[in-house]
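Structure first, then comments.
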Amino acid sequence: MPVIPELLTRAGGMPSLEALTERLLAGDTLLLDTPDNLVEVVDSLASYGVVLDAYSTNLMYQAEAQFLNPFPLFKYLDGDLSFAKIWRHLCHDRINYEYAEYCMKAMLWHGTGGLDRYLDSPDFDASCAQIIRRKLRRDPLLALLHPLFPAFLPELIRMAATTHALGQFWRVMSDLFLNLAEAEVQGRISGIAAVVEFISAGLQRAAPEAITYAVVIDGESHWVLPPEAGLTFLTDVAVPYVEAVFLRGMPFFGTVSFNAQAQQISPDQSQFTYGALFADPLPTMGAGIPPSLLMQDMGRHLPERLHQRYLRQGRGDGDGRVKLCASFQKAMFCVTNGAIAGTFPAPLSSGDPAAQAANHAHATGWAHRLAASRTDCLGWDGRADQCLP
Amino acid sequence: MLTPLLLIPFVGAALLLFSPAQTPPGRLRLGAILVLTLQLGWCLAVLARFDPTTTGMQLQESFSWVPEIGLDYRLGVDGLSLPLLLVNAALTLVSVICTRDISQRPRIYFALLLTISGAVNGAFLAGNLLLFFLFYELELIPLWLLISIWGGAQRSYAATKFLIFTAISGMLILGAFLGLALFTGTVDFSLTPVLTERLAMGQQLLLLGALLVGFGIKIPLVPFHSWLPDAHTQASTPVSVLLAGVLLKLGTYGLLRFCLGLFPEGWAVLAPWLALWAAVSVLYGSLAAIAQSDMKRMVSYSSVGHMGYILLAAAAATPVSLLGAEFQMVSHGLISALLFLLVGIVYRKTGTRNLDVLRGLLNPERGLPFTGCLMILGVMASAGLPGMAGFISEFLVFRGSLDRFPVATLACMVGSGLTAVYFLLLVNRAFFGRLAITRSLDPIQDARLDIQLAPVAPRETLPATALALAVLGLGLLPIGLGRISESTTTAMAWAGGAVESVERSQLFPQAQPVHNATSGTINPRITARGEG
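Order-wise, the sequence lines are chains A and B. So for the first sequence, our numbering puts the first residue at 1; every next one is plus one. So for the second sequence, our numbering puts the first residue at 1001; every next one is plus one.
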């Protein structure tokens, strides 16, 4: 039996808790600042930006035009019911909007932040009641359904509200990532630190933007998320999104019950570690692996520069979506890095012991959460970009 | 019509052997492929000329070669040998196609493969016992060389073991053939059944015993099997394909042609014990396969188990069971060749066949997904799932044997179930889960293993794809093979049954003819027979 070549298998190094904390407090980027990492991050975010644009448009279309539609057969067509569009859809020449819904459901299920608090508030219940009353006047099926299952329609409205909020969030993020790519082309971004700073600044700029949502029933507009709710971009949608999609995530559909029975899944949802930062890129394109859908979409809009780089590595296009997933994960660490940097309680240069302690606590908290994530992709062991020819 | 089936491979082998020393291996390979394609084409021409309604030997050619010792050059083909000729032609072609990167003595390598193919043709076509023996022995040395020169690290051990076992097998077979001449006092080595009028039962059993052990080594049957897993493990993939797909069939062919065909009365006496032997072989082979952690050893032990079905069918010797034996020979040839090809691909890409190490090879982008799909199809066929070759052959064997040897047949059915067990273990360990080729240690570290395996080019899986299609084709349309072989196998069963009834009616006067439900005719088989 021959010895297995060393390069056939390798496990990347994982930085320790202390190393992560130190790096955050020093203001260094989580991802190693290398030219290769820069290309991977910027170009994967550029393709992500294109895909997020489509996701965002469709999510808002679903929430507005398919509101309480019991049979939303054409919800992925954005209102274009032409034969050509339907044919392309059936031939799978389309964006995988299912992934966007998956993220929305993760947000809905984990339910953290201001948006979720509002969705459980009496004000929201009152809005729901009013909307349902109006809707039932012209919809006999829902009129039959609602008395039988009174919690069903409010839950659908909660889902529609989360859908619309995620659409608004991704609208901003899509523009941010496309602008980042443009800035890099213009030479304004020259390293990972600049990427993190660009994202952090973009998030802070969009932070106060209001998140609102109204539906039109019988020509009359009804607020689902009114301006009075005071929901804003950063704290009420972006932070819950990061919590639900980047960190917690969900065990994959179909395996949850078996894994839960085997006591492999924490009964405490807040301890979940199935998010994008914890995802294993290797099974990408396997059945039931959610990143597959996103990578399929991103792979269709991959910038040529990154594509050419992938062609020179491993199996070329053959394992392109695994490589894209790994690059995307690096990009997500940059986004997380931006969020962490932007939320330090005090400037890192502060000499005040109390401020330093607060910053240390902040960095330690994040380091704890990231300790078991895929930090092996950050390149601290110096082998992140090593690939077989 | 049949001599070219010897001339084509032997002349081809000679041409390759004496080709210029600087001929590149790729050109030699191409030459071998051309020769084998011609051989396959000629086999198809023989098939076209073959009359499936005739039961005896067809397209016969003969002349008295060395009459003093009874050696006649007599060739013929019937429904038993024709499918095996086709399998031989197809699988030798496959084994040459899947030979890649042969840099060490390529001329000898390809010449040996062609020699084996020609020798196997000769053995299947021989209508004379000594001629069969000559060809049977002729394949021995080339195969020994193929294992000992182009084999793995322990090739010397495996090749020597193979040589010793097979040489003993040859000696026993030759001894039985010569004993036949000694006991009968003639040098008639034709394929005429030897009945009690010519030879006493004790002498028949002695000669039959020697043949059974001789062919039992070649098949191989437990306890003469131990050379096979070693030979397979050390042989290269093309040689394993040939060994499992073709060369083992020499043993089963000998079992049917010479043991059952020459000594039908002695066979009838031993049949219950042979059925028991078959059941033991099936169960041992299957249980041993479960215990293996080397993919190749697992597949080779599965061969040991699956060859037992043929012994069971031969022991029952009913029209249906003998047809099942023919199907099993063909389907096992195709399926085992397919499995060895796929194991070879896995080994080439990962550097290991260890099931404790291999995981998740079905990974769609970094693994070997198409190879994995073919492997799943192959193991399903081997486990006898409907729609594939394994099902129809096992069904015929079990259906044909159940009435005569219910206990042994049920035991073999358990063995068929065990096939699913060990092959699902194989698929589950090697192909499912997260991709890795290391032992599972720390789950956190395991989930961070980055695996870089070379991709499998479509041309690498082309032979396996063709075999997989053949496995499906035979499973979905078994009628073609059935038409070729049914007359011959039915005649063999009738010959055995008729003789047996005479013999039994003398031993047990109360025996009465019964209606044969499967053929719809009166079969002179006696009612007093049963298991043991």
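Where is the CB? At the ideal position from N, CA and C, for every residue including glycine. All values derive from a computational prediction rather than experimental measurement.
At a CB-CB cut-off below 7 angstroms, which residues of chain A make contact with residue i?
i: B/A1231; result: None at all; the shortest Cβ gap to chain A is about 16 angstroms.
Count the other CB atoms within 10 Å of the CB of residue i; is the residue buried (16 or more) or exposed (fewer)?
i: B/P1463; result: buried
i: B/Q1328; result: buried
i: B/F1010; result: buried
i: A/C103; result: buried
i: A/F258; result: exposed
i: A/E98; result: exposed
i: A/A129; result: exposed
i: B/L1030; result: exposed
i: B/V1066; result: exposed
i: A/V185; result: exposed
i: B/L1006; result: buried
i: B/Q1058; result: buried
i: A/L311; result: exposed
i: B/A1014; result: exposed
i: A/P281; result: buried
i: A/C377; result: buried
Give the residues of chain B in contact with residue i, contact being defined as C-beta atoms less than 7 angstroms apart.
i: A/P283; result: N1363, R1434
i: A/D376; result: R1448
i: A/D319; result: E1365, R1366
For residue i and residue j, which I take to be in contact (beta-carbon distance under 8 angstroms), what is that distance rounded to the nearest angstrom?
i: A/A165; j: A/Y213; result: 7 angstroms
i: B/L1361; j: B/G1344; result: About 14 angstroms; that fails the 8 angstroms criterion.
i: B/A1231; j: B/F1162; result: 5 angstroms
i: A/L277; j: A/A238; result: Rounded, the Cβ-Cβ distance is 15 angstroms, inconsistent with contact.
Could you tell me which residues DSSP puts in a beta bridge with residue i?
i: B/I1141; result: For B/I1141, which the question treats as bridged, DSSP gives no partner whatsoever.
i: B/V1077; result: B/Q1058
i: A/T405; result: Because chain A spans 1 through 389 in this model, residue 405 of chain A falls outside it and cannot be assessed.
i: A/G286; result: According to DSSP, A/G286 bridges with nothing at all.
i: A/E220; result: A/I217
i: A/C249; result: As written in the sequence, residue 249 of chain A is Gly, which differs from the Cys given in the question. A/Y274.
i: B/L1071; result: B/V1066
i: B/I1437; result: B/L1358
i: B/D1294; result: B/N1354
i: B/S993; result: Any question about residue 993 of chain B goes unanswered here, given that chain B covers just 1001 to 1532.
i: A/L225; result: A/Y213
Output, in chain order, the set of chain B residues within a Cβ distance shorter than 9 angstroms of residue i.
i: A/R315; result: E1365, R1366, Q1452, L1453, A1454, P1455
i: A/D297; result: Neighbours of A/D297 on chain B: none; closest Cβ ~16 angstroms, over 9 angstroms.
i: A/V50; result: By Cβ distance, chain B contributes nothing, its closest Cβ being about 22 angstroms from A/V50, past 9 angstroms.
i: A/G379; result: Result: empty, since nearest Cβ-Cβ is about 13 angstroms, beyond 9 angstroms.
Could you name the residues of chain B that residue i contacts, counting a contact when the two beta carbons are closer than 8 angstroms?
i: A/A372; result: I1444
i: A/V322; result: E1365, R1366
i: A/G275; result: Within chain B, no residue comes near A/G275; the closest Cβ sits about 14 angstroms away, beyond 8 angstroms.
i: A/G338; result: Residues of chain B passing the Cβ test: none, with the nearest at roughly 24 angstroms.
i: A/G249; result: Going along chain B, no residue has its Cβ under 8 angstroms from A/G249, so there is no contact; the nearest lies around 14 angstroms.
Relative to the alpha-carbon of residue i, which residue among the options has its alpha-carbon at the smallest distance?
i: B/S1300; options: B/S1081, B/A1271, B/Q1022, B/L1338; result: B/L1338
i: B/M1307; options: B/A1159, B/L1145, B/M1057, B/S1393; result: B/S1393
i: A/R158; options: A/L136, A/P122, A/L145, A/G338; result: A/P122
i: A/H362; options: A/L24, A/M14, A/P15; result: A/L24
i: A/A443; options: A/V237, A/M332, A/W87, A/H360; result: With chain A running from 1 to 389 in the structure shown, residue 443 of chain A is simply not present.
i: A/V322; options: A/M60, A/A244, A/L294; result: A/L294
i: A/D36; options: A/R305, A/T284, A/E18, A/D317; result: A/R305
i: A/R374; options: B/A1013, B/I1033, B/D1294, B/R1448; result: B/R1448
i: B/G1378; options: B/L1424, B/M1001, B/G1415; result: B/L1424
i: A/Q296; options: A/L324, A/F149, A/A279; result: A/L324
i: A/Q168; options: A/D33, A/F67, A/A339, A/A206; result: A/A206
i: A/I199; options: A/N337, A/S56, A/G365, A/D33; result: A/N337
i: B/N1553; options: B/A1454, B/N1354, B/H1332, B/S1336; result: Outside the modelled stretch of chain B, which goes from 1001 to 1532, sits residue 1553 of chain B, for which no answer is possible.
i: B/V1094; options: B/T1184, B/G1367, B/A1244; result: B/A1244
i: A/L156; options: A/N179, A/I131, A/A193; result: A/I131
i: B/L1145; options: B/I1437, B/P1106, B/G1170, B/N1088; result: B/P1106
List the residues of chain A whose Cβ lies closer than 8 angstroms to the Cβ of residue i, in chain order.
i: B/A1447; result: D280
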